[in-house]
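Working notes for the structure below.
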């Protein structure tokens, strides 16, 4: 990579040392992002975005008890109506009393996204 520090024809060229520093910084950011936001399969988390979808919520991330709560939640017409009117996080909090395990799982899934 050829770098030098000067302005030629409106383009700014930077020194090799600065290029190297920038590249190291970007690689460090990439590693930190991977640590805080690991790649995860989101296929089994569709129920968090829309708990009333017909997509099955199976996988190693959801327990049998949570699957049972999800089945009960999907059959609750009142909650389905309130889901249409509330933000996703508000809906999770509103349903936490009746479906504590499921709400907790959904909130923990959504929490990292609240700061991005």
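Residue numbers (the numbering used here): 497 to 612. Glycine residues also receive a C-beta, built at the ideal position from the N, C-alpha and C atoms. None of the values given here were measured: they were computed from a predicted structure.
Quick one: what does DSSP say residue i is sitting in, helix, strand or coil?
i: residue 509; result: strand
i: residue 605; result: helix
Quick check: the Cα distance between residue i and residue j, rounded to an integer number of angstroms?
i: residue 542; j: residue 528; result: 26 Å
i: residue 587; j: residue 559; result: 21 Å
i: residue 578; j: residue 507; result: 55 Å
i: residue 584; j: residue 512; result: 48 Å
i: residue 590; j: residue 552; result: 23 Å
Using 10 angstroms around the beta-carbon of residue i, count the other beta-carbons present and answer buried if the total reaches 16, otherwise exposed.
i: residue 580; result: exposed
i: residue 547; result: buried
i: residue 575; result: buried
How many whole angstroms separate the CB atoms of residue i and residue j, which I take to be in contact at a CB cut-off of 8 Å?
i: residue 607; j: residue 562; result: Between residue 562 and residue 607 the Cβ distance is about 17 Å, and since that is not below 8 Å, they are no contact.
In terms of residues, what are the limits of the alpha helix (DSSP H) holding residue i?
i: residue 546; result: Looking at the DSSP string, residue 546 is not in any alpha helix (DSSP H), and its letter there is neither H nor E.
i: residue 578; result: 573-581
With a threshold of 9 Å between beta-carbons, can residue i be considered close to chain D, or not?
i: residue 552; result: Going by chain labels, chain D is absent from the structure shown, which holds only one protein chain.
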